[in-house]
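Worksheet for the structure shown next.
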Ligand SMILES: Cc1ncc(COP(=O)(O)O)c(C=O)c1O
């Protein structure tokens, strides 16, 4: 390797020294509560398969049916010849589920954020974004070339201060996750909608971790907070509760038509394969009809979180199925995770830059389908391993 490439080895070495080097685990089983990873059968406490749908036989059957009817690939962008009829049915289904005029499906949550934000704002506009927003939101803002202002996490005073300072921008867009992916805490949506009205801003919410889980019909946290109407752009993913991949944006018909014409991550990419879209149609039906899944999930998660707190763990402000265990140093978090793996618990270490420096953590995620006795055993193992390491 010539000198031009010497940075690769140097930077990789630096990552290793700081315990920030990342590697893949190899999964050798179907998705579920128990998975085989690198040859070991382990209790899975770190997937986003919250409702247990990723391996659901009905969804698999729907995906197989779709591949038989429509083939393997979409063959082109949806705007060329990749928009087979399952797509129209999925968009109608998701708009019906969310109670909006229209919906647009993207290939992933990452692609949705990257497509939506730069389509709506550009130079001369400002995006006011929660400091803990997901990387896909941050990347989308950078790509949009709009001014990027970050308010303190869930802090309404900080948001209002920035809104006051941003009077002269052409458009103001507030963006927040509703359930925060690494902390499991909730955005104060009602108050945010009041501020957006007061200062004439648009509001986009990312419901990646709330869609299918929060709200009386599972629409998300905007529904639970009673502010669905006040949200201008509602984005969610099919990659978490729905057990598949892809994402949706819901809103007015004119918003969806605009995005269909302006979102580069929708226009310049091949559509999702029919198997995925067919499977998602069934997943949306199940999420709508099997409300017990979200109720059970939130009950199980609350009980587990309370017990973790009683055992002395710091679970931050979590209020849902995402339960962080704050450790601090990347090295100690990795060691905690490694020892848990020896105990047959899979909980990956979350380190910077995914979370702020010195807040490395284990991110536990509960599934609706986890057995209570497995969670009890996990609690015991977590507790004695943490005690040995001096974490609690
Ligand atoms: C808040 C948030 N938005 C967007 C995404 C991206 O979604 P996807 O995995 O479907 O690309 C994620 C996924 O981790 C997320 O947590």
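Residue numbers (my numbering): 135 to 526. We put the beta carbon where it would ideally sit given N, CA and C, even for glycine. Small disclaimer: the values here were computed from a predicted structure and weren't measured.
Spanning the alpha carbons of residue 410 and residue 185 requires a straight line of approximately 17 Å. For residue 168, the enclosing beta strand (DSSP E) has its first and last residue at 168–171. Using a Cβ distance threshold of 8 Å, residue 220 and residue 382 do not count as a contacting pair. At a threshold of 7 Å, residue 340 counts as near ligand 1, since its beta carbon sits closer than that to one of the ligand's heavy atoms. Using a cutoff of 7 Å, the CB of residue 274 does not count as near ligand 1, since none of the ligand's heavy atoms is closer than that. In this structure, ligand 1 has no non-hydrogen atom nearer than 7 Å to the beta-carbon of residue 377. Under the DSSP assignment, residue 317 falls outside any alpha helix (DSSP H); it carries neither an H nor an E label.
DSSP lists 340 as the bridge partner or partners of residue 311. For the pair residue 227 and residue 518, the Cα-to-Cα distance works out to about 47 Å. For residue 270, the CB falls within less than 7 Å of some heavy atom of ligand 1. DSSP places residue 188 outside any beta strand (DSSP E), giving it a letter other than H or E. The three-state reading of DSSP puts residue 382 in strand, counting E and B together. Rounded to the nearest whole angstrom, the CA to CA distance from residue 208 to residue 170 is 32 Å. In terms of CA proximity to residue 301, 330 leads the group 192, 330, 525 and 323. Per DSSP, the unbroken alpha helix (DSSP H) holding residue 227 starts and ends at 219–232.
Comparing alpha carbon positions, the residue from 489, 497, 450 and 487 closest to residue 471 is 497. Rounded to the nearest whole angstrom, the C-alpha separation of residue 510 and residue 182 is 20 Å. Remark: the shortest separation between the CB of residue 381 and any heavy atom of ligand 1 falls under 7 Å. At a cut-off of 7 Å, the beta-carbon of residue 266 does not count as near ligand 1: no heavy atom of the ligand is closer than that. Secondary structure of residue 263 (DSSP, three-state): strand. Cβ contact annotation for residue 306 (same chain, cutoff 6 Å, sequence separation greater than five): 260, 300 and 335, in chain order. For residue 371, the shortest separation between its Cβ and any heavy atom of ligand 1 lies below 7 Å. The alpha-carbon of residue 417 is positioned some 43 Å away from that of residue 298. Here the region 478–498 lies against the region 312–329, with 3 or more beta-carbon pairs under 8 Å apart. For residue 510, the shortest separation between its Cβ and any heavy atom of ligand 1 does not lie below 7 Å.
A residue is called buried once 16 or more other Cβ atoms fall within 10 Å of its Cβ, and residue 386, having fewer, is exposed.
Taking 3 residues as the minimum length, the region 383–420 contains no beta strand (DSSP E) run wholly inside it.
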